[in-house]
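Number 71 in our numbering belongs to position 73 of the sequence shown; there are no gaps in the numbering.
Don't be surprised by glycine CBs; every beta carbon is placed ideally from N, CA and C.
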Amino acid sequence: MIDISFPSTRMRRLRYNSCVRRLVRENFFSPDRFILPLFVRSGEQLRQPILSMPGQFQLSIDELAKEIEEAISLGLGGVILFGIPDQKDAIGSDAISDNGIIAQAIRAAKNIAKDKLLVISDVCFCEYTEHGHCGVLRETSCGRVDVDNDATLENLARQVIVHAKAGVDIVAPSGMIDGMVGRIRRSLDNEGFTHIPIMSYSAKYASAFYGPFREAAESAPKSGDRRSYQMDAAASAKQALREIQLDINEGADIIIIKPALAYLDIIKLAKEHFDGIPIAAYNVSGEYSMIKAAAEKGWINEKDAVNESLTAITRAGANIIITYWAKDIAKIM
Ligand code: PBG
């Protein structure tokens, strides 16, 4: 009988050259599992750099078209669109207008993408409201102002119809509003959009790692924070399972966990717990900007760090990754 401990067993045998390492790998990703976030605003030939996210831009619709062409040629799975309106107001009217920026962006993107690339819309109000919160506000009993859950549901129900009419392939509600998936499903079904999947941000944490995004989307809350609707990092990890279960019960087709890197345990837990539902992870703006900044200083190798991060997210159990590096990774592959 062979002794199964050292020196008979040497783990390094399966690492001794790159061919062996390749042979025994299990965690891969491919471009068709990547979703690229894009920020759209009005204008022409506008490619406004986002200072906190080197390599990312606010795009006018004509420039968006070029990005869509490139995403198709790189074989990406999809794009997720965020609109930045010219006018913000208390309820985020631009998001529920057929002529609003997001409706225009979806129409333009879909016109090019056809069946070659998924056009996904972020369904939320924070980019469209003057106060920067993810729904309509109301004063609660003790004089505190908070997002009115049920009033916001009615606006979400209208927002998805605008997106659906514009031709969106998948809607991705991101507001952490209770009941949003069920209300959106009902709304889509009532209008004949039974085929449109809901990719819900089911477990979305109140996170410092969204900082650069809020500059990109001009969506930082003017006062307060999002802690009364987004999840608390210190809550039981099983609270995430409850959130996901509720979304599945309400009709979510794909779930998102966000951010990715500080919540790999949540991705793994969800993977173990739920069979047969695709899991997406959002590799968020702060995760992007940290590596970019360190790489600019020459402190870290960007390509290797990105590869390692996305491998970790894959290993934790995410089938789909929403990442600002989608194009770069596809180019390397
Ligand atoms: C909108 C939304 C946010 C992100 C995606 N959708 C911002 C937020 O909740 O404040 C963050 C994405 C990122 O940081 O890359 N609700």
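Query, Result
"Spatial neighbours of F55 within its chain, please: C-beta separation below 8 Å, excluding the five flanking residues on both sides.", "F37, R45, Q46, P47, I48, E61"
"Report all residues from its chain with a CB closer than 7 Å to the CB of S16; omit the five preceding and five following residues, and keep chain order.", "none"
"According to DSSP, Y203 sits in a beta bridge with which residue or residues?", "M229"
"Report the three-state DSSP secondary structure of N15 (helix, strand or coil).", "coil"
"CB G75 to CB F32, shorter than 7 Å?", "yes"
"Are Y286 and Y322 close, meaning C-beta to C-beta below 7 Å?", "yes"
"Do you know whose CA, among M9, I82, D30, lies nearest K329's CA?", "D30"
"Compute the distance between the beta-carbons of D120 and S172, then report whether it is under 7 Å.", "yes"
"With H, G and I counted as helix, E and B as strand and the rest as coil, what does DSSP make of N299?", "coil"
"How far does the beta strand (DSSP E) with L186 in it extend, from its first residue to its last?", "Counting along the chain, L186 falls outside any beta strand (DSSP E), though it belongs to the alpha helix (DSSP H) covering 178 to 188."
"Under a Cβ-count criterion, where at least 16 other Cβ atoms within 10 Å of its own Cβ denotes burial, should G130 be classed as buried or exposed?", "buried"
"Just the Cα atoms here: how many angstroms apart are I175 and G284?", "23 Å"
"With distances taken between CB atoms, is the gap from I275 to I264 smaller than 7 Å?", "no"
"Exposed or buried, what is K236 when buried is set at 16 or more other beta-carbons lying within 10 Å of its beta-carbon?", "exposed"
"For A218, I'd like the list of residues in its chain whose CB is within less than 8 Å of its CB, leaving aside the five on either flank, ordered along the chain.", "G130, R212"
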